[in-house]
Structure formats: structure tokens, C-alpha cells
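Numbering (my numbering), first residue to last: 1 to 253.
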């Protein structure tokens, strides 16, 4: 049998490299132009994740899955200390209040209570708060999730793209009443130049490197809201340096 060559291990001092070609150069050459969301350039908009509206969604495998994605996005924003805006629509009536988990995560963030305007970006109070946040922080990338993909997510995405913003709609932190609504919304957002993302792909993109100082804080949303990877994490850390459950056969040491 041929002996394997030695593995190549990257130095722990390595940091992520930027793309070789700048955004402007790529666009000038007629290419897509990659400008990813980062912890330094992004804000998060949580739109209308209200208990009444959450209950009306039908396109996810369960209400628990949708709620877990929404809360996972909120926990990611909290862990990475991203600026957040929260808004509700007609909470005083049928739509109900914002998820209590979101309110608990961001007690310092006032909820902008819209009283009828469906597109959050068309609401003067919300838009004023958004423009103020962008001006104060100098950030340019907008991550957003609205409870319904065909309205709460789609409408502000189209408006923000029209006004020149880089927009990343989080499509699995939104629900729909049927697959036609979801398919049409996704097609319109992509056509408008938005970049749809999923909750935990976005979390990985923002985190960039497990060696970053905030990686420990990111364990919480992964463990709490992405069970598939949470089980991997728990299984390893429960057994590192020893076994939670003793092995009477002494097979694994």
C-alpha cells in the first residue's frame, strides 16, 4: 500500500482573504460583483414576526421550524452585536405582538409599531429610523426577514433595491400561505438583484472564521436553533477530555 503524504495544515494565524478582484472592477467587467455581508457592514431588520401572523404560515414543515429560524436569526444578530430594527404591523389587533423571544433578546431596542402601512419601508416612522441607523453606523448591507415572504419580506426588499441598497432577505425566517407565494416572491427578489440567504448559511458567512473572538457567542444560536449542527457540537463537547457516560467496555479512550 502506498504511504500517504503528509497533510497540509493552515497556520492558525491565517485570516480570511478578500476576493482577488474588487467589487467595482468585477462590475466594470460585467460580472456579478461580490460584496458579502459582514459584522462591520450589516444591519438586521426583523419585520412583523408576530404571534398571530406566525400562526398563519403554512409552507414550512412546522411552526416550530419557522420560529426556530426566526429566533436563530435574532440570536445571531445578538451574538455578533449587529444593529437591529424591530417593527410590528397592527399589533393592537389581529396580528398580535412580536415573539416574546425577540423582545427578550433586545430589551434595549424599541419596537416600531406601524399602524396600517404594509410595506415597512413605506412607513415614514420606520424609514426615518432606518435611515438614521444607516447614517449613524455607516453600514450599507441590509439583512431582513419578514414574517410572510410574499409581503413583509418582499415589499421592503423591492423598495430597498430600488433605492440602491444591498439587500439579503432571509427566506427561511419567513413563511408563506402556499408555495406559489414563496416561489413568486423569490423570483421577484432575485430579479430585483437581492441575494436570498438562509438563516444559518448567513450566520456562517457573517462569522467567517471559527478562530474569531465572537465564535464562542455563536455557539448559542447554532446549538439552540440549528439542531442538526447543535447535536454535533453537543456530542463532541460532552465527550471531550472524557466521557459523560462511562464506557464499561473501555472501547473508546
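All C-beta atoms in this analysis are idealised placements derived from N, C-alpha and C, irrespective of residue type, glycine included.
Proximity below 7 angstroms, CB of residue i to CB of residue j
| i | j | result |
| --- | --- | --- |
| residue 170 | residue 161 | no |
| residue 185 | residue 73 | no |
| residue 44 | residue 99 | no |
| residue 189 | residue 140 | no |
| residue 271 | residue 217 | What is shown of the chain runs 1 to 253, which leaves residue 271 out entirely. |
Alpha-carbon spacing of residue i relative to residue j, whole angstroms
| i | j | result |
| --- | --- | --- |
| residue 220 | residue 64 | 18 angstroms |
| residue 78 | residue 206 | 12 angstroms |
| residue 235 | residue 229 | 10 angstroms |
| residue 24 | residue 196 | 21 angstroms |
| residue 94 | residue 148 | 15 angstroms |
| residue 71 | residue 2 | 50 angstroms |
| residue 223 | residue 9 | 27 angstroms |
| residue 31 | residue 191 | 16 angstroms |
| residue 194 | residue 187 | 10 angstroms |
| residue 36 | residue 164 | 15 angstroms |
| residue 124 | residue 114 | 9 angstroms |
| residue 12 | residue 233 | 21 angstroms |
| residue 80 | residue 248 | 42 angstroms |
| residue 133 | residue 244 | 47 angstroms |
| residue 5 | residue 210 | 27 angstroms |
| residue 122 | residue 97 | 21 angstroms |
| residue 52 | residue 26 | 44 angstroms |
| residue 22 | residue 28 | 10 angstroms |
| residue 7 | residue 136 | 47 angstroms |
| residue 227 | residue 208 | 20 angstroms |
| residue 225 | residue 199 | 10 angstroms |
| residue 102 | residue 128 | 22 angstroms |
| residue 250 | residue 231 | 24 angstroms |
| residue 46 | residue 246 | 45 angstroms |
Counted within 10 angstroms of its Cβ, other Cβ atoms place residue i as buried (16 or more) or exposed
| i | result |
| --- | --- |
| residue 126 | buried |
| residue 68 | buried |
| residue 50 | buried |
| residue 239 | exposed |
| residue 112 | buried |
| residue 201 | exposed |
| residue 242 | exposed |
| residue 214 | exposed |
| residue 178 | exposed |
| residue 175 | buried |
| residue 131 | exposed |
| residue 182 | buried |
| residue 91 | buried |
| residue 48 | buried |
**Prompt:** Taking contact to mean at least 3 C-beta pairs separated by less than 8 angstroms, is the stretch 34 to 42 in contact with the stretch 84 to 97?
**Reply:** no
**Asked** Any contact of the stretch 8 to 23 with the stretch 54 to 69, i.e. 3+ C-beta pairs under 8 angstroms?
**Response** no
**Request:** Evaluate the contact criterion for the stretch 150 to 158 versus the stretch 109 to 120: three or more CB pairs, one atom per stretch, below 8 angstroms.
**Result:** yes
**Request:** State whether the stretch 132 to 148 contacts the stretch 100 to 107, with contact taken as three or more CB pairs (one from each stretch) at a distance under 8 angstroms.
**Result:** no
**Asked** Can you list the alpha helix (DSSP H) stretches of 4 or more residues lying completely in the stretch 141 to 171, in chain order?
**Response** 154 to 162
**Asked** In chain order, which alpha helix (DSSP H) runs of at least 4 residues are fully inside the stretch 32 to 91?
**Response** 51 to 55 and 63 to 79
**Prompt:** If you scan the stretch 105 to 140 from start to end, which runs of the beta strand (DSSP E) of 3 or more residues do you find wholly inside it?
**Reply:** 111 to 114
**Message:** So within the stretch 184 to 220, which uninterrupted alpha helix (DSSP H) runs reach at least 4 residues, ignoring any that extend past its ends?
**Reply:** 199 to 207
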